[in-house]
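Structure first, commentary second.
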Amino acid sequence: MVKIDNIELPDFPLLLAPMEDVSDPPFRALCKEQGADVVYTEFVSSEGLIRNAAKSVMKLDIYEKERPVGIQIFGANLDSMLQTIDIVSESKPDIIDINFGCPVKKVVSKGAGAGILKDICLMEQLTAEMVKRTNIPITVKTRLGWDHDSIRIVEVAERLQDVGCKAIAIHGRTRAQMYKGDADWKPIAQVKNNPRMHIPVFGNGDITSPERAMEMRDDYGLDGAMIGRASIGNPWFFKQVKHFFETGKHLAPISLEERVEAARRHLQMSIDWKGEILGVFETRRHYTNYFKGIPHFKEYRMKMVTSDHSEDVFAAFDEVLEKFSGHQFTE
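All letters in the sequence shown, in the order written, are residues 1 to 331 by UniProt numbering.
See the structure below:
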């Protein structure tokens with residue numbers, strides 16, 4: 001069993017990574033149904049939240065059915081981050097996660113996200129003060145370092161643990177790499193193997209198959225896997241990994257009927273939560289993977305991603321189901 005503070009999780013839990021415009025309540029609900037052990041919100045800007053920006057406030061919506069759920073926040077100003085803790089705590093998340101890893105320029109340029117990897121002392125101070133501010137477990141998601149020449153993740157993880165961080169998820173790339181090249185899990189294993197570490201150490205980056213998840217567990221000895229891009233349009237990834245762990249075999253391919261039903265539910269839940277316009281727009285990125293493996297899918301995909309009206313998208317789902325009913329997917 002793995003524990004984040006007093007939150008009990010199964011051996012080698014699978015966590016849905018916080019992803020902007022992806023990890024919203026509809027998608028979290030689907031992933032939870034398919035075996036995600038912990039889900040995280042999209043990251044929330046501390047500055048946006050204290051200014052009561054509508055988009056930031058909306059990201060605090062969490063629901064009982066998705067627990068344990070973490071709200072992730074980012075920022076570099078101590079006063080703003082402490083105010084954010086107070087606001088976020090009112091939503092009663094199970095976990096508050098600090099984003100010290102986002103590599104996007106508009107975040108980094110403000111010293112937040114992966115930008116804080118240039119100032120480890122500030123990283124430590126922010127974590128320490130936020131831990132003091134709340135009884136909700138504080139966790140951290142970060143990267144190996146700013147660049148290859150400044151990787152100090154073993155020291156960083158130890159310092160964050162020592163000021164009260166209850167778990168750490170590490171993406172196996174530096175900020176300089178962005179999402180290019182291969183993730184390096186060896187430094188993450190070094191964090192886990194540090195005899196002074198006693199909090200869970202989760203790996204993130206390039207977990208693209210059940211075999212890769214098993215490699216992270218068995219060869220690198222990490223406490224769990226945080227799944228990001230592999231889950232987009234594929235909420236079944238969590239179930240696929242767990243089935244592989246239990247049986248050593250791949251789960252049977254997801255049927256067309258299941259895919260269409262998930263896409264329908266996803267779109268409808270998105271519309272119900274954020275309205276027609278945003279609901280239609282922000283679900284588009286999932287369709288390629290929902291229907292991956294269908295021959296000549298491009299014409300249907302174009303209907304799904306160019307229409308601004310949900311009835312057209314639902315009609316495209318119907319067309320796919322009618323035309324390709326009985327299609328056999330491969331793994």
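Yeah, the Cβ is synthetic: ideal placement off N, Cα and C, and Gly gets one too. The structure presented is a predicted model; accordingly, all values stated were derived computationally and were not measured.
Beta-carbon proximity of residue i to residue j, cut-off 8 Å
i           : j      : result
ALA183      : ILE168 : no
THR127      : ILE96  : no
GLY221      : THR139 : no
ILE50       : SER80  : yes
PRO187      : ILE151 : yes
ILE120      : PRO93  : no
TYR287      : MET302 : no
PRO25       : ASP61  : yes
CYS31       : PHE238 : yes
SER46       : ILE7   : no
ILE85       : THR134 : yes
TYR300      : ALA315 : no
GLU276      : SER310 : yes
PRO195      : ASP223 : no
HIS198      : LEU256 : no
residue 349 : LEU78  : Nothing about residue 349 can be read from this structure; the chain reaches only from 1 to 331.
ILE254      : PHE329 : yes
ILE4        : LYS105 : no
Spatial neighbours of residue i in its chain, beta-carbon cut-off 7 Å, leaving aside the 5 residues before and after
i      : result
THR283 : HIS266, LEU267, SER270
VAL163 : GLU124, THR127, ALA128, VAL131
ILE153 : LEU144, GLY145, ILE170, PRO187, VAL191
SER185 : What sits at residue 185 in the sequence shown is Trp, not Ser. Only GLY172, GLY203, MET216, TYR220 meet the Cβ criterion.
TYR63  : PRO25
Same chain, Cβ closer than 6 Å to residue i, neighbours up to 5 away in sequence not counted
i      : result
HIS171 : GLY101, ARG143, ASN204, GLY205
ALA213 : ILE207, ALA225, VAL241
GLY294 : Before going further, note that residue 294 is Ile rather than Gly in the sequence given. Excluding positions up to five away in sequence, the list reads PHE324.
PHE27  : none
ARG159 : GLU124
ASP147 : THR174, ALA176
Whole-number beta carbon distance between residue j and residue i, since they are thought to touch under 8 Å
i      : j      : result
TYR290 : ARG259 : 5 Å
ALA66  : ALA29  : Note on residue identity: the sequence assigns Glu, not Ala, to residue 66. Confirmed, about 6 Å.
VAL44  : LYS59  : 5 Å
ALA76  : GLY111 : 4 Å
TRP236 : GLN34  : 5 Å
VAL313 : VAL280 : 6 Å
Sequence-distant residues of its chain with Cβ nearer than 8 Å to residue i (five each side left out)
i      : result
GLY181 : ARG173
HIS250 : PRO210, GLN240, HIS243, PHE244, GLU331
PRO10  : MET1, VAL2, ASP37
MET178 : PRO103
VAL108 : CYS102, ALA114, GLY115, ARG175
ASP21  : GLU42, GLU282, ARG285
SER23  : LEU16, ALA17, VAL39, TYR40, THR41, GLU42
One or two residues paired with residue i in a DSSP bridge
i      : result
VAL69  : VAL39
HIS171 : ARG143, ASN204
ASP97  : GLN72, THR139
LYS3   : GLU8
ILE227 : LEU16
VAL44  : ILE73
The ligand ADP heavy atom lying under 7 Å from the CB of residue i
i      : result
VAL305 : As presented, the structure is devoid of all ligands, the ligand ADP included, so that no description of it is given.
Below-8 Å beta-carbon distance, residue i vs any chain B residue
i      : result
LEU222 : Going by chain labels, chain B is absent from the structure shown, which holds only one protein chain.
Residue ranges of each beta strand (DSSP E) run of no fewer than 3 residues wholly in the stretch 173-197, ordered along the chain? Taken in chain order, no unbroken stretch of beta strand (DSSP E) lies wholly in the stretch 173-197 with a span of 3 residues or more.
With a floor of 3 residues, list each beta strand (DSSP E) that falls wholly inside the stretch 221-284, ordered by position along the chain. Runs of the beta strand (DSSP E) inside the stretch 221-284: 224-227.
Give the list of continuous alpha helix (DSSP H) stretches no shorter than 4 residues that lie fully inside the stretch 94-134. 105-108, 120-133
Quick one: complete alpha helix (DSSP H) runs, 4+ long, within the stretch 286-315? 287-290, 298-306
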